[in-house]
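Residue numbers in the sequence shown follow numbering that gives the first Met the number 0, run continuously in steps of one, and reach 553 at the last position.
For glycine and all other residues, C-beta sits at the position ideal for the given N, C-alpha and C.
From a predicted model like this one, the values you see are computed outputs, not experimental measurements.
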Amino acid sequence: MPTIEINKKDFEKLIKRRFNMEKLSSIMNYVKGELEFENKKEDNLKLELKDVNRPDLWSVEGVVRELKHRLGIKKGLIKYSVQKPEKNHLIKVSPKVRKVRPVSVGAIVRNLKLNEEALKQLIQLQEKLCINFGLKRKEAALGVYDFDKIKWPINYTTFRDNEIKFVPLGFSYKMSPSEIIEKHEKGMEYGKLVEGKDYPILIDSEKNVLSMPPIINSDYSGKVTKETRNVFVEVSGFDLRFVLPVLNIFICALIERGGEVEQVLSTGPKRIATPNLESKEILININEINKILGISLTEKEIFNLLEKSGFDYIKDKNGILIKYPCYRYDILDSRDVIEDIAISYGFNNFKPEKFKESTFGCNSKFTEFKYKVKEMMIGLESQEIATFVLTEKDKLFKTMRLKNLDVIEIANPVSLNYSCLRNWLLPSLMEFLGKNKDVEYPQKIFEIGECIEVEKDSFKNLSKLAYVYSGKDVNFTIIKQQLDYLLRSLKINYKTKKLEHASFISGRCGEVIIKKENREISIGFLGEIHPAILEKFNLIMPTVAFEINLNKLV
Numbered sequence: 000m001p002t003i004e005i006n007k008k009d010f011e012k013l014i015k016r017r018f019n020m021e022k023l024s025s026i027m028n029y030v031k032g033e034l035e036f037e038n039k040k041e042d043n044l045k046l047e048l049k050d051v052n053r054p055d056l057w058s059v060e061g062v063v064r065e066l067k068h069r070l071g072i073k074k075g076l077i078k079y080s081v082q083k084p085e086k087n088h089l090i091k092v093s094p095k096v097r098k099v100r101p102v103s104v105g106a107i108v109r110n111l112k113l114n115e116e117a118l119k120q121l122i123q124l125q126e127k128l129c130i131n132f133g134l135k136r137k138e139a140a141l142g143v144y145d146f147d148k149i150k151w152p153i154n155y156t157t158f159r160d161n162e163i164k165f166v167p168l169g170f171s172y173k174m175s176p177s178e179i180i181e182k183h184e185k186g187m188e189y190g191k192l193v194e195g196k197d198y199p200i201l202i203d204s205e206k207n208v209l210s211m212p213p214i215i216n217s218d219y220s221g222k223v224t225k226e227t228r229n230v231f232v233e234v235s236g237f238d239l240r241f242v243l244p245v246l247n248i249f250i251c252a253l254i255e256r257g258g259e260v261e262q263v264l265s266t267g268p269k270r271i272a273t274p275n276l277e278s279k280e281i282l283i284n285i286n287e288i289n290k291i292l293g294i295s296l297t298e299k300e301i302f303n304l305l306e307k308s309g310f311d312y313i314k315d316k317n318g319i320l321i322k323y324p325c326y327r328y329d330i331l332d333s334r335d336v337i338e339d340i341a342i343s344y345g346f347n348n349f350k351p352e353k354f355k356e357s358t359f360g361c362n363s364k365f366t367e368f369k370y371k372v373k374e375m376m377i378g379l380e381s382q383e384i385a386t387f388v389l390t391e392k393d394k395l396f397k398t399m400r401l402k403n404l405d406v407i408e409i410a411n412p413v414s415l416n417y418s419c420l421r422n423w424l425l426p427s428l429m430e431f432l433g434k435n436k437d438v439e440y441p442q443k444i445f446e447i448g449e450c451i452e453v454e455k456d457s458f459k460n461l462s463k464l465a466y467v468y469s470g471k472d473v474n475f476t477i478i479k480q481q482l483d484y485l486l487r488s489l490k491i492n493y494k495t496k497k498l499e500h501a502s503f504i505s506g507r508c509g510e511v512i513i514k515k516e517n518r519e520i521s522i523g524f525l526g527e528i529h530p531a532i533l534e535k536f537n538l539i540m541p542t543v544a545f546e547i548n549l550n551k552l553v
């Protein structure tokens, strides 16, 4: 769970209230937080947040903003004022960066009032956003610059290693990009993100280097101090769905420090002025609120609780149209709003109820069957793994030399890596082998996992078993022996029939067939993995596999 450091005096200055430690601990329940402190007179505190879905709370500014609403200090939606971009306040994104790191957006914040604690909080938020939300700077990396040192417009382009040198933050002499990766702490940590490519560089109109995203700022403009009043904030990455939340959350934190915001125009793949701090909307139903919460709130009470949650509302014939702030990226469904209503209502105000029915749970027969299969696979000296049900279509089909099939796809995925539900297990096991190719051989792994297959206008949830054996002397005979051991132990008669499957070597693949209710049913396949697939996963050892549908065995 995210843990942030806050200073009690700084917190009280921002919220304009004083609290003893007991009261402070109590109100942190509103942000699902738990304070850690050694003694009650201590000012530097640690706050562990029990919710990973609220990156807007990863600094004291966000916590204060949330508590102002929950405690009734502020009511309703915060309406942010953002100045339109000046003509030359522009990031010119070169086509050269498309294959390296194609997106760069920014914002200008003026008239900041920074002190030592404010700087600590902003650095903390920057790191939390880049590491947790930005996936260790891969999807999003944020830089803060002294605005007054920049000569606009800014160019975001690439340079070869021998074409540019600059003084990185924390150093006193110029270095080339490759030297930064070899010698600078941040270069050694994040250099793999740009290694072997032309290097992305943010540079102003007078050829002053601002940074080498996502590695390090320059010493020239990347040093922000207590005396800094105006800053330029830039976020780079691959996808606006990662980049824009990071920018908006950080800018909203700067506003809590007195900042005034001006947009910057980015001319990348999509011409866009950022930040956009307009509110978002979602429709909820009053009856749904009371049904889910199990209480009877009046309209007036609901409206009051919505205001305490930082929302505005418009009563609509279809329900209540909720307007919620731009930094609330956790709100995906009406239930997320209802949870906020419950928090404002107070969990302690819910009266506990006894269960209406008392029953004793037990495993289903199918679950017991899967446990039995698992024990037998372990008996083959194989290791169980667990991979994500969410995946990407290319991994399911293109990587495995197959044509695309219909799968359940996510409408608005945060990442293309998790954009659909898998319909078979083998691609995930092959990816696992690829990531562990340097581990001692032979390698035997299996997974019993959920898969979702599309059938006409509906879909089926299936439990499948996939097994992969990679080693020096493996072949079709060995994988058939492994499958034979499993099915005969389960007292299931089967036969194999020749099958042509693009993921397997031609002539070394078979279909697994059982007889059920006087008819033959295909339950899966087995064979030797095609060399082209092994090459894609950088595997040098021969590999065999089988995958079967467990639902068809019971």
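- Grab me the residues of residue 507's own chain with a C-beta within less than 6 angstroms of its C-beta, minus the 5 sequence neighbours each way, in chain order. Listed in chain order, the non-local C-beta contacts of residue 507 below 6 angstroms within the same chain comprise 475, 526, 527, local neighbours out to five positions each way being set aside.
- Message: Could you give the first and the last residue of the continuous alpha helix (DSSP H) run that contains residue 203?
- Response: In the DSSP assignment, residue 203 falls outside any alpha helix (DSSP H) and lies within the beta strand (DSSP E) extending over 198-203.
- Task: Consult DSSP for residue 239 and reduce its assignment to one of helix, strand or coil.
- Result: Helix at residue 239.
- Message: Using 8 angstroms as the threshold, is the C-beta distance between residue 451 and residue 411 below it?
- Response: The answer is no: Cβ separation not under 8 angstroms.
- Three or more C-beta pairs below 8 angstroms linking the stretch 164-175 and the stretch 115-122: Contact fails: fewer than three Cβ-Cβ distances are below 8 angstroms.
- Task: For residue 488, count neighbouring C-beta atoms within 10 Å of its own C-beta (all shown protein chains included) and say buried if the count is 16 or more, exposed if not.
- Result: Residue 488 should be labelled exposed.
- Does DSSP put residue 357 in a helix, a strand or coil? Three-state DSSP puts residue 357 in coil, outside helix and strand.
- Taking only runs of the beta strand (DSSP E) that begin and end inside the stretch 481-548, which ones reach a length of at least 3 residues, in chain order? DSSP runs (the beta strand (DSSP E)) wholly in the stretch 481-548: 493-497, 503-515, 518-528, 542-548.
- Message: Just verifying my parser: in three-state terms, what is the DSSP assignment at residue 343?
- Response: Three-state DSSP puts residue 343 in a helix.
- Message: At the level of alpha carbons, what is the spacing between residue 113 and residue 90?
- Response: Here the alpha carbons of residue 90 and residue 113 stand approximately 26 angstroms from one another.
- Since residue 465 contacts residue 432 with CB under 8 angstroms, what's their CB separation in whole angstroms? No, residue 465 and residue 432 are not in contact; Cβ-Cβ is about 12 angstroms, not under 8 angstroms.
- Query: Would you report the Cα separation of residue 57 and residue 536, rounded to the nearest angstrom?
  - Reply: Cα to Cα, the separation comes out at about 37 angstroms.
- Query: Over what stretch of residues does the beta strand (DSSP E) that includes residue 273 continue unbroken?
  - Reply: Residue 273 -> beta strand (DSSP E) spans 270-273.
- When we look at the beta-carbon of residue 80 and count the other beta-carbons within 10 Å, is it buried (16 or more) or exposed? Exposed: under 16 other Cβ atoms inside 10 Å.
- Task: List the DSSP bridge partners of residue 283.
- Result: Paired residue(s): 319.
- Chain-order list of residues whose beta-carbon lies under 8 angstroms from that of residue 259 (same chain, five-residue window excluded): 80, 82, 108, 109, 110.
- Would the stretch 167-184 and the stretch 262-272 be scored as touching if the rule is three or more Cβ pairs under 8 angstroms? Contact fails: fewer than three Cβ-Cβ distances are below 8 angstroms.
- Message: For residue 548, count the other beta carbons within 10 Å of its own beta carbon; 16 or more makes it buried, fewer makes it exposed. Which is it?
- Response: Flag for residue 548 reads buried.
- Check whether the Cβ atoms of residue 283 and residue 319 sit closer than 8 angstroms, and answer yes or no. Contact flag set, yes.
- Item | C-alpha distance - residue 84 paired with residue 402, whole-angstrom precision | When rounded, the distance between both Cα atoms is 46 angstroms.
- Who pairs with residue 417 in a beta bridge, going by DSSP? Per DSSP, residue 417 has no beta bridge partner at all.
- Item | Straight-line Cα distance separating residue 278 from residue 375 | Roughly 55 angstroms separates the two Cα atoms.
- Task: Can you tell me which of the three DSSP states residue 252 falls into?
- Result: It is helical.
- Measure the C-alpha to C-alpha separation of residue 207 and residue 471 and round it to an integer number of angstroms. Taken atom to atom, the span from the alpha-carbon of residue 207 to that of residue 471 is near 55 angstroms.
- May I have the straight-line CA-CA distance separating residue 141 from residue 224, to the nearest angstrom? Approximately 17 angstroms, taken between the alpha carbons.
- Query: Three or more beta-carbon pairs under 8 angstroms between the stretch 139-157 and the stretch 218-236, yes or no?
  - Reply: Yes, the stretch 139-157 is in contact with the stretch 218-236.
- Query: Is it a yes or a no for the stretch 324-335 touching the stretch 230-249, going by three-plus beta-carbon pairs under 8 angstroms?
  - Reply: Yes, the stretch 324-335 is in contact with the stretch 230-249.
- Tell me, to the nearest whole angstrom, how far the beta carbon of residue 477 is from that of residue 543; I am working on the premise that it is less than 8 angstroms. Between residue 477 and residue 543 a beta carbon distance of about 6 angstroms is seen, short of the 8 angstroms cut, so the two are scored as contacting.
- Query: Measuring CA to CA, which of 22, 45, 240 is closest to residue 66?
  - Reply: Selected option, being the one with the closest Cα: 22.
- Message: Going by the DSSP bridge assignment, what does residue 75 pair with across the sheet?
- Response: DSSP, once it has assigned bridges, lists no residue as partnering residue 75.
- Task: State the DSSP-derived secondary structure class of residue 450, mapped to helix, strand or coil.
- Result: For residue 450, the secondary structure class from DSSP, reduced to helix, strand or coil, is strand.
- The alpha helix (DSSP H) spanning residue 363 covers which residue range? For residue 363, there is no enclosing alpha helix (DSSP H), as DSSP marks it with neither H nor E.
- Which runs of the alpha helix (DSSP H) fall wholly inside the stretch 66-144 and span at least 4 residues, in chain order? Runs found: 115-127.
- Have a look at residue 28 and residue 286 and give me their C-alpha separation to the nearest angstrom. In a straight line, the C-alpha of residue 28 is about 26 angstroms away from that of residue 286.
- Message: Just checking: is the beta-carbon of residue 486 within a distance shorter than 8 angstroms of some beta-carbon in chain C?
- Response: Looking at the structure shown, chain C is missing, and only one protein chain is on hand.
- Which whole-angstrom value is the C-beta distance of residue 553 and residue 365, which I expect to be below 8 angstroms? That pair is a contact at about 6 angstroms.
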